[in-house]
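S.K.: Provided herewith is a single structure, encoded as structure tokens, for subsequent inquiry.
Numbering (UniProt numbering), first residue to last: 1 to 166.
What follows is the structure, given as structure tokens:
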């Protein structure tokens, strides 16, 4: 089994078998690039922040404000994650200032827009739901109805990146 297929471990056999066959035949990357022919245009951190704020304002107006949305080249390697939501509290005199930050792995700088949206939606959902529970995934699906398919496709994107690198 290819080591890059670690991203789909835990998926049922009716999903893993065709992916394994495509990967072993060298056709997975071609299939993926046909499904998603181009990457998004949100390359700068300002554009990424504006994109996240547009989604937040559309679906989650009443949640805590976001102070930062950035690409982070350490996420994928260190945390074995694709994005992170952090809540930072700082004491300034007698006041406590809280900031919500979202960090997206830099591998998504060149990803197709639907995959970037899935990651941003996931991290935005953490503003309201801290745990990966039923309410969390319902919120993700409210913001992006194809959330679960896009989550699988993001994993296929990571497999394709590894296959291109080897």
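From the three backbone atoms N, C-alpha and C, an ideal C-beta is built for every residue, glycine too.
Suppose contacts are defined by Cβ-Cβ distances below 8 Å. Is residue 117 in contact with residue 67 by that definition?
M.R.: Stepping through the chain shown from its first residue, residue 117 is reached at position 117. Stepping through the chain shown from its first residue, residue 67 is reached at position 67. No, Cβ-Cβ distance for residue 117 and residue 67 is not below 8 Å.
S.K.: Excluding five sequence neighbours on each side, which residues of the same chain lie with their C-beta closer than 8 Å to the C-beta of residue 5?
M.R.: As a working note, residue 5 is residue 5 in the chain shown. For residue 5, where only same-chain residues beyond five positions count, the Cβ hits under 8 Å are 16, 19, 20, 23, 159.
S.K.: Assuming residue 136 contacts residue 129 under a Cβ cut-off of 8 Å, what Cβ separation, rounded to an integer in Å, is found between them?
M.R.: For the purposes of this step, residue 136 is taken as residue 136 along the chain shown, with counting starting at 1. For the purposes of this step, residue 129 is taken as residue 129 along the chain shown, with counting starting at 1. Correct: roughly 4 Å between the Cβ atoms.
S.K.: Would you mind reading off the limits of the alpha helix (DSSP H) that contains residue 51?
M.R.: Taking the chain shown and counting its residues from 1, one reaches residue 51 at position 51. Start and end: 45-59.
S.K.: What separation, rounded to the nearest whole angstrom, lies between the Cα atoms of residue 10 and residue 51?
M.R.: Locating residue 10 in the chain shown gives position 10, counting from the first residue. Locating residue 51 in the chain shown gives position 51, counting from the first residue. Taking the straight line joining both Cα atoms gives about 31 Å.
S.K.: Report the CB separation of residue 107 from residue 152 in whole angstroms; it is logged as a contact under 8 Å.
M.R.: Start at 1 with the first residue of the chain shown, and residue 107 comes out as number 107. Start at 1 with the first residue of the chain shown, and residue 152 comes out as number 152. 16 Å between Cβ atoms; not a contact.
S.K.: Thinking C-beta only, is residue 29 closer than 8 Å to residue 164?
M.R.: Here residue 164 corresponds to residue number 164 of the chain shown, with the count starting at 1. Here residue 29 corresponds to residue number 29 of the chain shown, with the count starting at 1. Yes, the Cβ-Cβ distance between residue 164 and residue 29 is below 8 Å.
S.K.: Do residue 112 and the ligand ZN come close, with the Cβ less than 7 Å from some heavy atom?
M.R.: The ligand ZN is not part of this structure, which contains no ligands at all.
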